[in-house]
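**Q**
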Amino acid sequence: MELAIRTKTIIRAMVIAVVFLTLAGLASRFALYTFGDGPFLRPVSLFDVGAERSIPTWFESMQFMLCSILLAVIAVAKKQSGERYSRHWGVLSVILLYMSLDEIATIHETVGAELERVLHSSTGFTPGGAISYFWVVPGALFILVVGLSYIRFFIHLPRTTRRLFLFAGALFLLGALFLDMLSAQVMSSSGAIAHWAASFSGGRIDPETASAIPKILNGGNTSLQEMFEMFGLTAFVYALLAYIRSYVEGINVRVRTDKSG
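Residue numbers (the numbering used here): 65 to 325.
1) Check each candidate in Leu297, Ala258, Ala204 and Tyr311 and name the one with the smallest Cα separation from Met126.
2) For Ser254 and Ser275, I'd like the C-alpha separation in whole angstroms.
3) Assess contact between the segment 130-138 and the segment 156-171, defined as three or more Cβ pairs (one per stretch) separated by less than 8 angstroms. Is contact present?
4) Select from Ser310, Gly192 and Val108 the residue whose C-alpha is nearest the C-alpha of Thr224.
5) Residues in its own chain within less than 8 angstroms of Phe111 by CB, not counting five upstream and five downstream?
6) Who are the Cβ neighbours of Ile80 in its own chain at under 7 angstroms, not counting the five residues just before and after it?
7) Is the number of C-beta pairs between the segment 173-181 and the segment 222-237 that are closer than 8 angstroms three or more?
8) Closer than 6 angstroms by C-beta to Glu173: which residues in its own chain qualify, once you throw out the five before and the five after it? Chain order, please.
9) For the segment 229-249 against the segment 276-291, are there 3 or more C-beta pairs whose distance is under 8 angstroms?
10) In whole angstroms, what separates the C-alpha of Gly188 from that of Arg181?
11) Cutting at 8 angstroms between CB atoms, please list the residues of its own chain near Phe94, excluding the five before and the five after it.
12) Quick check on Arg106: does DSSP put it in helix, strand or coil?
13) Compare the beta carbon distance of Ala303 and Ala194 with 8 angstroms and say whether it is the shorter of the two.
14) For a quick check, are the C-beta atoms of Phe217 and His259 less than 8 angstroms apart?
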């Protein structure tokens with residue numbers, strides 16, 4: 065049996081899925097904001113990109129898992145051929161596996177909240193503004209450490225692969241880090257935004273409506289955030305498949321059964 069992996073088909077399907085989930089997420093947010101989360105609209109929340117138990121969250125977790133598997137394939141192939149940086153590929157595989165689990169279990173948010181609590185109790189400092197979601201601070205430090213330790217590995221990659229990795233990483237970080245910080249800033253300044261909107265409208269927007277504007281902005285920003293993350297992972301899957309096709313040879317998969325057990 066031969067299992068053929070068609071890169072264009074896989075990437076096309078993933079792009080269509082990302083566009084569909086983004087539009088469905090925006091429609092879900094609009095419906096929930098307009099009509100509330102009554103019993104008849106609760107199934108709509110399955111497409112809410114901001115919810116942890118949702119189809120977009122599951123899809124992104126599967127994207128992380130696919131990236132981890134592809135990285136593991138490259139790591140094994142590099143190790144068997146005795147090439148350099150096989151461990152680097154393996155460590156990346158483990159990192160992406162963790163991120164797949166974290167997408168469902170929200171480990172980073174739990175750790176960030178605990179670090180924020182420890183920081184406040186020890187120094188009295190309460191993070192606010194763009195770092196209100198405090199996980200972005202250790203997250204940014206982790207990215208910096210990994211980036212510095214992978215400089216030689218990155219330089220060693222073929223030029224096309226480097227560009228694809230940069231493109232995928234830029235898309236993902238735009239959503240996962242920078243737009244998340246923007247969401248934190250919006251929610252931290254929700255009172256000021258609502259006051260400005262009411263004042264700018266000259267009284268045409270009542271205070272209750274103005275107070276909903278930050279939530280609407282945050283909902284739209286969350287949809288963009290998840291979209292960029294999913295597109296970044298899609299680009300990374302393409303980069304890995306293209307690398308395997310061009311630079312990894314002789315991949316054979318065998319399944320052995322231990323009859324003695």
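Here a beta-carbon is modelled for each residue, glycine too, at the ideal position from N, C-alpha and C.
Being a predicted model, the structure only gives us computed values, none of them experimental.
**A** Let me spell this out:
1) Leu297
2) 7 angstroms
3) yes
4) Ser310
5) Around Phe111: Leu85, Ala88, Gly89, Ala91, Ser92, Ser118, Ile119 and Pro120.
6) none
7) Note that the segment 173-181 does not touch the segment 222-237; fewer than 3 beta-carbon pairs, one per stretch, sit closer than 8 angstroms.
8) Within the same chain, Glu173 has close Cβ partners Trp199.
9) Contact between the segment 229-249 and the segment 276-291 is present, because at least three Cβ pairs lie under 8 angstroms.
10) 9 angstroms
11) The answer is none, since no qualifying residue turns up.
12) helix
13) The Cβ-Cβ distance between Ala303 and Ala194 does not fall below 8 angstroms.
14) no
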